[in-house]
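Remember, this note's numbering sits 281 above the position in the sequence shown when you count from 1.
Cβ atoms here follow ideal geometry from the backbone N, Cα and C, with glycine treated the same way.
The structure appears below as structure tokens.
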Amino acid sequence: MANAFDEASKNKFKSYLLMFLFALLLIGLAYVIGVWYGKGSPLIIISFMFIAFFISIFMSLASYYWGDKVALEISRAYPANKREHGHYINSVEGLAIAAQIPTPKIYVIPDQSINAFATGRDPKHASIAVTEGALKKLSRVELEGVIAHEMAHIKNYDMRLMTITVLLVGLIALLSDLFIRSMWFGSGRDDNGKGNAVILIIGVVLAILAPIIAELIKLAISRRREYAADATGAILSRHPQALADALKKIKKDSVQETRMATKATAHLFFSNPFRKGSFSNIFSTHPPIDERIKRLEAM
Numbered sequence: 282m283a284n285a286f287d288e289a290s291k292n293k294f295k296s297y298l299l300m301f302l303f304a305l306l307l308i309g310l311a312y313v314i315g316v317w318y319g320k321g322s323p324l325i326i327i328s329f330m331f332i333a334f335f336i337s338i339f340m341s342l343a344s345y346y347w348g349d350k351v352a353l354e355i356s357r358a359y360p361a362n363k364r365e366h367g368h369y370i371n372s373v374e375g376l377a378i379a380a381q382i383p384t385p386k387i388y389v390i391p392d393q394s395i396n397a398f399a400t401g402r403d404p405k406h407a408s409i410a411v412t413e414g415a416l417k418k419l420s421r422v423e424l425e426g427v428i429a430h431e432m433a434h435i436k437n438y439d440m441r442l443m444t445i446t447v448l449l450v451g452l453i454a455l456l457s458d459l460f461i462r463s464m465w466f467g468s469g470r471d472d473n474g475k476g477n478a479v480i481l482i483i484g485v486v487l488a489i490l491a492p493i494i495a496e497l498i499k500l501a502i503s504r505r506r507e508y509a510a511d512a513t514g515a516i517l518s519r520h521p522q523a524l525a526d527a528l529k530k531i532k533k534d535s536v537q538e539t540r541m542a543t544k545a546t547a548h549l550f551f552s553n554p555f556r557k558g559s560f561s562n563i564f565s566t567h568p569p570i571d572e573r574i575k576r577l578e579a580m
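This is the structure:
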């Protein structure tokens, strides 16, 4: 069990490393925008770089402390109660003991699809939410498999890692868009035509490639975390086939879309919350269901 959970310390380090690397990328984009807008003025260039740095720090801290509340609010999740959700609450409490973490706050999402997510900056401030559809359609052992998967995310600090990743990817996309717009509506032209052209070329390349690279990094991290959570969840529940069976039910379920999910919260969910299709799966934060089932059944 200890080997299954050594991801936690790695993810803490990765969270800080990502913040540092994305901050550098943001500052680089800000530098190019500052040169373009400021016509080479050091004061304006430095101002843009400082603004980008402080925005990244502020947004990271905001998502760190309030991201879980926003995710639960967006999903319209409500607290579970013993009378209606007794078996769900008992499963969460039992698996929290097995995972050696505090029992997270327990919520229900008013949605008829089969899905779930965990959120929170660390195990002491974690919440878990399961859809009404999952509570109705999954057997007790299948539900425990899904809950165990989410417990693995909590134990391994995956929520912190992905929240920071998604936020900074969004900031990079926003800053890149700002630069592209500034080329059309800004006042970056000056007398130094040759130098300005070089900055323009660098800026365009950076503005186009930075969001793409950042998005690919996010997808790679997210998919890897899902595979790891499946494996750890199977160990926690001691029943990998139950988790595989839950994924099979999701694949065959008539309700394919989680209506309470948004693009901002999609990466949190147990399964891709949007309508499944070959094209959408390419850019999904989740690995293909068939591959997840295959790996679980091979355990």
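Check whether residue i and residue j have beta carbons under 7 Å apart
| i | j | result |
| --- | --- | --- |
| residue 404 | residue 382 | yes |
| residue 576 | residue 528 | no |
| residue 534 | residue 395 | yes |
| residue 521 | residue 440 | no |
| residue 517 | residue 380 | yes |
| residue 511 | residue 423 | no |
| residue 429 | residue 514 | yes |
| residue 543 | residue 355 | yes |
| residue 339 | residue 308 | no |
| residue 426 | residue 523 | yes |
| residue 444 | residue 367 | no |
Close-in-space but distant-in-sequence residues of the same chain around residue i (CB under 6 Å, 5 per side omitted)
| i | result |
| --- | --- |
| residue 431 | 397, 399 and 409 |
| residue 507 | 567 and 568 |
| residue 433 | 510, 513 and 514 |
| residue 386 | 408 |
| residue 490 | none |
| residue 565 | 553 |
| residue 402 | 345 and 441 |
| residue 298 | none |
For residue i: DSSP bridge partner residues
| i | result |
| --- | --- |
| residue 410 | 388 and 398 |
| residue 359 | 389 |
Top-ranked residue by Cα proximity to residue i, from the options
| i | options | result |
| --- | --- | --- |
| residue 555 | 516, 577 and 531 | 531 |
| residue 503 | 526, 568, 458 and 542 | 568 |
| residue 438 | 345, 566, 368 and 523 | 345 |
| residue 547 | 447, 413 and 441 | 447 |
| residue 499 | 385, 512 and 442 | 442 |
| residue 412 | 339, 551, 507 and 578 | 551 |
| residue 388 | 402, 380 and 407 | 407 |
| residue 351 | 545, 565 and 553 | 545 |
| residue 536 | 417, 434 and 490 | 417 |
| residue 497 | 450, 370 and 362 | 450 |
| residue 302 | 362, 553, 565 and 495 | 495 |
| residue 419 | 336, 436, 369 and 433 | 369 |
| residue 306 | 365, 486 and 393 | 486 |
Proximal residues to residue i (C-beta, below 8 Å), its chain only, five neighbours per side dropped
| i | result |
| --- | --- |
| residue 357 | 390, 391 and 541 |
| residue 578 | 521, 522 and 525 |
| residue 372 | 421, 424, 425 and 428 |
| residue 559 | Confidence at residue 559 is low in this model, with a pLDDT of 48, below 50, so its placement is unreliable and the value that follows should be read with caution. Counting only Cβ-Cβ distances below 8 Å, and skipping sequence neighbours, we find nothing. |
| residue 549 | 352, 398, 399, 400, 440 and 443 |
Contact set for residue i: own chain, Cβ-Cβ below 7 Å, skip 5 residues either direction
| i | result |
| --- | --- |
| residue 501 | none |
| residue 384 | 373, 374 and 377 |
| residue 282 | Note that residue 282 scores a pLDDT of 45, beneath 50, so its modelled location is shaky and nothing firm can be said. |
| residue 342 | none |
beta-carbon residue i near the ligand ADP non-hydrogen atom, thresh 6 Å
| i | result |
| --- | --- |
| residue 569 | Among the ligands in the structure shown, none appear at all, so the ligand ADP cannot be discussed. |
>> My parser needs the alpha helix (DSSP H) runs of 4 or more residues fully inside the stretch 495–551; what are they?
In response: 521–533
>> Please give the ranges of any alpha helix (DSSP H) in the stretch 418–452, keeping only runs that are unbroken, at least 4 residues long and fully inside the region.
In response: 421–436
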